[in-house]
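Q: Dumping the structure here so I can ask a few things about it.
2 protein chains.
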Amino acid sequence: MQPRQRRKVPEGELCAVCSDRATGYHYGTPSCNGCKTFFRRTIVSGHTFVCQYNGNCDVNKNVRCACRHCRFNKCVSVGMDARAIQNDRDRIGPTKKFRMAKTEQNSSADDDQMSMSSMSPQRAADEKVIELLNGIENLCNTLRTCALDETKSVRETLASPSLLYHVGNIEMDHNTIFKELYPASMNDIQMWNIRELRLCLEWAKTFEEFTKLSESDQLALVRNFGFTFNILNRVFYSLDHGPDKIVYPNGAYILRQPQEQVKIPGCRSIYHRQMDEIMIPFRKLNVTIPEFAAFKASLLFNPDACDLSPEVKPEISMERTKYLSALFYFITNKIGLHDGVQKYGQLLMMAPSIQNIIDQNDENMQVMEVFGHFWRIDRFVKELCMK
Amino acid sequence: MQPRQRRKVPEGELCAVCSDRATGYHYGTPSCNGCKTFFRRTIVSGHTFVCQYNGNCDVNKNVRCACRHCRFNKCVSVGMDARAIQNDRDRIGPTKKFRMAKTEQNSSADDDQMSMSSMSPQRAADEKVIELLNGIENLCNTLRTCALDETKSVRETLASPSLLYHVGNIEMDHNTIFKELYPASMNDIQMWNIRELRLCLEWAKTFEEFTKLSESDQLALVRNFGFTFNILNRVFYSLDHGPDKIVYPNGAYILRQPQEQVKIPGCRSIYHRQMDEIMIPFRKLNVTIPEFAAFKASLLFNPDACDLSPEVKPEISMERTKYLSALFYFITNKIGLHDGVQKYGQLLMMAPSIQNIIDQNDENMQVMEVFGHFWRIDRFVKELCMK
DNA sequence: TGGCGACGGTCAAAGGTCAC
DNA sequence: AGTGACCTTTGACCGTCGCC
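If you read the protein sequences in the order shown, they are chains X and D. For what it's worth, full-length UniProt numbering labels the leading residue of the first sequence as 1, then goes sequentially. For what it's worth, full-length UniProt numbering labels the leading residue of the second sequence as 1, then goes sequentially.
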């Protein structure tokens, strides 16, 4: 289908993912049957995985099933291309289902009562939305551990294309890799703040509807959402060392009662609230990566964002609705309507608590700015977060 | 994947180990689920067993668990091959229906299908919840126009039974009745603030689960929710004179650009936001009174409310879920699943904006307190709203 | 047209789950 | 703690499609 590597026969070629014997070029990469099928299934189903360890598990023939997150990441990083996946393969006729084509097709067709089986058009769209979000989220998780150049201004960053599409070419930053648990220093916190805010911009730029906005509207959305993105990723991807620790990917951790060196005079600590009101609920609700991604997308597209021009608010609102619908579909499809409605409601109702924490953080940043001799706020952070 | 017997289906085949029904070829031998799992676990765990007898125990379906040594020996002797055992795989998560916080009243059997007709038991409960809320809301609307005695302290008010059950016996307050439109004075705003906050207490006390809480937990909830209640009622019940006016029941109105006499030095006006982010969306979404009531109830029961004791948080969370579920079913029952999901999502996602407005209001009140010579904050308001 | 290579689909047999 | 009915995931194999 895709003459990507035309006319080439792998010889004693090995799978680029797991070093098993390659059976050919699959999705643009020499790979074995297992990794080929694994990659397709992962993309098609929207299933997503969380690494139980530090996100850098070994992947080889013997242990390739041990960590699906790292296996998938390796698939992506060695160049497997999701665009080579054909979702519209109706052409395989002679399987079990015989065409009932023209006879009684409309018996159950447009009965728009709620039967899952007849929701195809909406569902296909939702599935596609989730799939896209999921792919981006995985790229984002890779970029989180990459070496990033010195941040330019927010405006310049918004104007350049998203790094996420070139994440395979960027080398890793060893400061982001887990080595051991240790109490976070202020430098750790600042480093991750800057990194996540940068990721937020790269992430936002992957939304077509976002890139179509004017510069000032883009700015309005990311200024509204930046720190939320930061905190949400911080707690969602925190390594799980119990309910009293937020652990960054590199092992730096923050305690419920923050260590002295990361306290800021005059500021109310919000770390315990990040644990109680976001991290723990995320875990209790069993929020998966695609759900998390859709939730974030619906928060990015906030029609009430400060300084957003009134004429784009309807589109922003529609985008929000799009991601909310996809989220609802995805959840209820997995765990059923009854439980899904509850999970969806509980997830959405985390938003006001998150907002309140962000508001407290804004206040803290004002205090830090006034008493700036304690900690200078980074230029990039200031540009993106200070009102 | 089939290193031994390829493409074969055992028919009435029996387990070579225990003569139970074989479920397939496992590790090279036709065997049942039990022996298959037993063999794998034994190999993986490295356990070794000692026979209590002579090492020649009988192994069959009924006694296969009697001697693990002899069972394992039989496994090996009939040809089970340890080389077919793989390395540990990744976790796959819950397989049974949802392992989350379970409710007492278990839902009906097939709640994972989108068929409204099979929800009767749950729906009956939801309907009852909505009916109750709606009745209270109507009483509340009557009480809004009644003459209220001088407010006591918040604690005293919480301790006494709700006025809403005696609303028929209270006479009207003519200051609350519409006579004409006129620009609100600061006195109007203060009067309505106090009145709504008082209503909030009377309203909250109608919830059985609320009255069962300790005084301090009750206080935590109403302090968290009081001003939200105030603002939500203000805009929801605003007489509709277009998108640029909030009109109190007595005709006093506030403009998008507030008149000079109600501006407070040092405070950012939040009236335009109340219009844009709450009043107009309520109208656009066609939110009905029962929906509005359920929404408020779900906001009252906020498990993240400041100073709430940790041990009641689960109950509070369950209450919230109860009202959210009722809200969802009420909406979808009226306008169908597709539109209902959207309306529900949009309604819930107003909550963060509302929270942000409340946070801005809190900040304004701090400013007013510091520069208190402009406007003194009422004692009751202060007790209920100042942090 | 016919061979070839890369798609998607299939299903026995792996491993994981959790009420008992 | 151990068991096993029931569940998801895996991957070798096969049919189909589109290119030379």
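Cβ atoms here follow ideal geometry from the backbone N, Cα and C, with glycine treated the same way.
For His-272/X, which three-state DSSP category applies?
A: Numbered from 1 along the first sequence, position 272 holds the residue referred to as residue 272/X. It is helical.
Q: Counting contacts by CB-CB distance shorter than 8 Å, is Val-370/D in contact with chain X?
A: Counting from one through the second sequence, the residue named residue 370/D turns up at place 370. Taking Cβ atoms only, chain X never reaches closer than 8 Å to Val-370/D, which makes this a no.
Q: If we count Cβ pairs, one from each stretch, closer than 8 Å, do we get three or more for the segment 275-293 of chain D versus the segment 204-224 of chain D?
A: At 8 Å Cβ cutoff, the stretches do not touch.
Q: Mind checking Leu-181/X: buried by the 16 CB within 10 Å criterion, or exposed?
A: Walking along the first sequence from the start, residue 181/X turns up at place 181. Exposed: under 16 other Cβ atoms inside 10 Å.
Q: Could you name each continuous alpha helix (DSSP H) segment of 4 residues or more that falls completely within the segment 346-380 of chain D, going from the start of the chain to the end?
A: 350-370
Q: Give the residues of chain X in contact with Pro-314/D, contact being defined as C-beta atoms less than 7 Å apart.
A: Position 314 of the second sequence, counted from the first residue, corresponds to residue 314/D. The contacting residues do not exist; Pro-314/D stays about 10 Å from chain X at best.
Q: Can you look up Thr-228/X in the DSSP assignment and give me helix, strand or coil?
A: Within the first sequence, the letter at position 228 stands for residue 228/X. Note: Thr-228/X maps to helix in three-state DSSP.
Q: Is DSSP giving Thr-157/X helix, strand or coil here?
A: Counted from its first residue, the first sequence places residue 157/X at position 157. The answer is helix: DSSP assigns Thr-157/X an H, G or I state.
Q: When you compare the CB of residue 388/X with every CB in chain D, is at least one pair closer than 8 Å?
A: Only positions 1 to 387 of chain X appear in this structure, which leaves residue 388/X out of reach.
Q: So is the beta-carbon of Tyr-53/X under 7 Å away from any non-hydrogen atom of the ligand SAM?
A: The model on display carries no ligand, and the ligand SAM is accordingly not part of it.
Q: Would DSSP call residue 392/X helix, strand or coil?
A: The requested residue 392/X is not part of the displayed model; chain X covers only 1 to 387.
Q: Taking Cβ positions only, does Ala-351/X come closer than 8 Å to chain D?
A: Along the first sequence, read from residue 1 onward, the residue named residue 351/X stands at position 351. It does: the Cβ of Ala-351/X has a partner Cβ on chain D nearer than 8 Å.
Q: Can you tell me the Cβ-Cβ gap for Arg-21/D and Cys-32/D, rounded? I've got them flagged as a contact below 8 Å.
A: Translated into the one-based positions of the second sequence, residue 21/D becomes position 21. Translated into the one-based positions of the second sequence, residue 32/D becomes position 32. That belief holds up - the Cβ atoms of Arg-21/D and Cys-32/D are roughly 6 Å apart, short of 8 Å.
Q: Report yes or no: is there a C-beta of chain D within less than 8 Å of the C-beta of Asp-359/X?
A: Sequence index remark: in the first sequence, residue 359/X carries index 359 (1-based). For Asp-359/X, the answer is yes, since a Cβ of chain D falls inside 8 Å of its Cβ.
Q: Residues of chain D with a CB under 9 Å from the CB of Ser-298/X: which are they?
A: In the first sequence, counting from the first residue as 1, residue 298/X sits at position 298. The answer, in chain order, is Gly-345 and Met-349.
Q: Under three-state DSSP, which class holds Lys-245/X?
A: As a working note, residue 245/X is residue 245 in the first sequence. If DSSP states are grouped into helix, strand and coil, Lys-245/X belongs with the strands.
Q: Got a sec, what are the start and stop residues for the alpha helix (DSSP H) Ile-189/D sits in?
A: Counting from one through the second sequence, the residue named residue 189/D turns up at place 189. That run of the alpha helix (DSSP H) goes 186-204.
Q: In chain D, what lies closer than 9 Å to Val-63/X by C-beta?
A: For this step, residue 63/X is matched to residue 63 along the first sequence. In chain order: Asn-87 and Asp-88.
Q: Does Gln-342/X have its Cβ less than 8 Å from a Cβ in chain D?
A: By one-based count along the first sequence, residue 342/X stands at place 342. Output row for Gln-342/X: interface = yes.
Q: At 3 residues or longer, what runs of the beta strand (DSSP E) sit wholly inside the UniProt domain "Nuclear receptor" (12-87) of chain X?
A: 24-26 and 29-31
Q: Does the distance from the C-beta atom of Leu-197/X to that of Phe-380/X stay below 8 Å?
A: As a working mapping, residue 197/X is identified with position 197 in the first sequence. As a working mapping, residue 380/X is identified with position 380 in the first sequence. Yes.
Q: If the cut is a Cβ gap below 8 Å, which residues of chain D does Glu-277/X touch?
A: For the purposes of this step, residue 277/X is taken as residue 277 along the first sequence, with counting starting at 1. Chain-order list of chain D residues neighbouring Glu-277/X: Asp-304, by C-beta distance under 8 Å.
Q: With a CB to CB cut of under 7 Å and the five nearest residues on each side skipped, what residues in its chain are close to Glu-202/X?
A: For the purposes of this step, residue 202/X is taken as residue 202 along the first sequence, with counting starting at 1. Result list for Glu-202/X: Leu-143, Ser-162, Leu-163 and Leu-164, in chain order.
Q: Would you please verify whether the beta carbon of Ser-45/D is less than 8 Å from any beta carbon of chain X?
A: Here residue 45/D refers to the residue found at position 45 of the second sequence. Not an interface residue.
Q: Chain D beta carbons: is any one of them nearer than 8 Å to that of Ile-246/X?
A: Indexing the first sequence from 1 puts residue 246/X at position 246. Closer than 8 Å: no.
Q: Among Ser-325/D, Arg-40/D, Val-370/D and Ile-316/D, which has the Cα closest to the Cα of Glu-208/D?
A: The residue given as residue 208/D occupies position 208 in the second sequence. Nearest C-alpha to Glu-208/D: Ile-316/D.
Q: What whole-angstrom Cβ distance do Thr-157/X and Ile-194/X have, given they're in contact under 8 Å?
A: Position 157 of the first sequence holds residue 157/X. Position 194 of the first sequence holds residue 194/X. So it is not a contact: roughly 12 Å between Cβ atoms.
Q: For a quick check, are the C-beta atoms of Glu-171/X and Cys-146/X less than 8 Å apart?
A: Stepping through the first sequence from its first residue, residue 171/X is reached at position 171. Stepping through the first sequence from its first residue, residue 146/X is reached at position 146. In contact: Glu-171/X and Cys-146/X (Cβ atoms closer than 8 Å).
Q: What's the C-alpha gap between Val-262/X and Glu-369/X?
A: By 1-based counting over the first sequence, the position of residue 262/X is 262. By 1-based counting over the first sequence, the position of residue 369/X is 369. Using only the alpha carbons, I get a separation of about 16 Å.
Q: By alpha-carbon positions, which one of Glu-383/D, Cys-15/D and Phe-236/D ends up nearest to Gln-366/D?
A: As a working mapping, residue 366/D is identified with position 366 in the second sequence. Gln-366/D has its Cα closest to that of Glu-383/D, out of Glu-383/D, Cys-15/D and Phe-236/D.
Q: Show which residues of chain X have a CB atom less than 8 Å away from the CB atom of Arg-91/D.
A: In the second sequence, residue 91/D corresponds to position 91, counting from 1. Those are Gln-52, listed as they occur along chain X.
Q: On the DSSP bridge assignment, give the partners of Tyr-182/X in chain order.
A: Position 182 of the first sequence holds residue 182/X. Under the DSSP definition of a beta bridge, Tyr-182/X partners with Ala-252/X.
Q: Rounding to the nearest angstrom, what Cα-Cα distance links Tyr-237/X and Asp-81/X in this structure?
A: Reading the first sequence from its first residue, position 237 is the one you call residue 237/X. Reading the first sequence from its first residue, position 81 is the one you call residue 81/X. Using only the alpha carbons, I get a separation of about 25 Å.
Q: Which partner residues does Met-172/D have in the DSSP bridge list?
A: As a working mapping, residue 172/D is identified with position 172 in the second sequence. Per DSSP, Cys-146/D.
Q: In this structure, how does DSSP classify Arg-89/D when only helix, strand and coil are distinguished?
A: Here residue 89/D corresponds to residue number 89 of the second sequence, with the count starting at 1. Reduced to three states, the DSSP call for Arg-89/D is coil.
Q: For Leu-219/D, which residues of its own chain have a beta-carbon under 8 Å away from its beta-carbon, when the five flanking residues on both sides are left out?
A: Position 219 of the second sequence holds residue 219/D. If the five residues before and after Leu-219/D are omitted, its C-beta is found closer than 8 Å to the C-beta atoms of Val-154, Arg-155, Leu-158 and Asp-307, all from its own chain and listed in chain order.
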